[in-house]
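Chemist: In this note's numbering, the protein residues as written are 10 to 209.
Got a structure for you, written out below as structure tokens; questions coming shortly.
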């Protein structure tokens, strides 16, 4: 399996991806490409992240079965559906109302009742529900977003793509300690930019 060859060995994550039918998260025109290891367009100039990138991200987050998670950028709901299978509860924010409405239908269809979603400004996070054990940001910030980092619990982990341009982006892992934050660069990546506010 390509994921194992790429360093993804966590059986829980591989099982969660195998249990999540990617074809229901992509437009009909791309159904025949649903299982390609590539990002696919879903409308509103957004994409559904490829399965390998999600697998690497979730493995780097190392969520526990009792983890409370925050996802910035629901998109099609594909990543949240995978995360819901490996954590206790996931809160997910999307700035496009139309995308979230479709994602919520998919959560219901899959009987994923531990997903809590809302339309909102992902750059602000979800302070009313903080702190979170894990935060995953599905859009690239120019720097580590302090508003999101502050919503981590002590010992919590955030993964966020950081970079001024798509070719310069790196996935960064931020860990909150008793005294501050530690960060480490993981791998090159490419995401749409993190945009403040909600879509009109």
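Every residue, glycine too, gets a C-beta built ideally from N, C-alpha and C.
Just so it is clear, the structure is predicted and the values come from calculations on it, not from any experiment.
Residues in its own chain within less than 7 Å of residue 161 by CB, not counting five upstream and five downstream?
Modeler: Locating residue 161 in the chain shown gives position 152, counting from the first residue. Excluding sequence neighbours, residue 161 sits near 140, 141, 144, 167 and 185.
Chemist: Counting Cβ pairs, one atom from each stretch, are 3 or more of them under 8 Å apart for the stretch 56-71 and the stretch 119-130?
Modeler: Taking 8 Å as the limit for Cβ pairs, the verdict is that the stretch 119-130 does not touch the stretch 56-71.
Chemist: Thinking just about the alpha-carbon of each residue, which of 29, 51 and 30 is nearest to the one in residue 38?
Modeler: Here the question's residue 38 lines up with position 29 in the chain shown. That would be 51, whose Cα lies nearest to the Cα of residue 38.
Chemist: Hey, out of 84, 89 and 67, whose CA is closest to residue 208's CA?
Modeler: Residue 208 sits at position 199 when you count from the first residue of the chain shown. Closest by alpha carbon: 84.
Chemist: Only counting the same chain, and skipping five residues up and downstream in sequence, which positions put a Cβ closer than 8 Å to that of residue 192?
Modeler: As a first step, residue 192 is located in the chain shown; it is residue number 183 there, counting from the start. Excluding positions up to five away in sequence, the list reads 153, 181, 182, 183 and 184.
Chemist: Among 146, 95 and 87, whose alpha-carbon lies nearest the alpha-carbon of residue 117?
Modeler: Translated into positions along the chain shown, residue 117 becomes position 108. The shortest C-alpha separation from residue 117 is found at 87.
Chemist: Just to confirm, are residue 111 and residue 126 a CB contact at a threshold of 8 Å?
Modeler: As a first step, residue 111 is located in the chain shown; it is residue number 102 there, counting from the start. As a first step, residue 126 is located in the chain shown; it is residue number 117 there, counting from the start. It is not a contact, given that the beta carbons lie outside the stated cut-off.
Chemist: At a threshold of 7 Å, does residue 197 count as lining the ligand NAD (C-beta to nearest heavy atom)?
Modeler: Inclusion of the ligand NAD in the displayed structure is not the case, the ligand content being empty and no account of it being possible.
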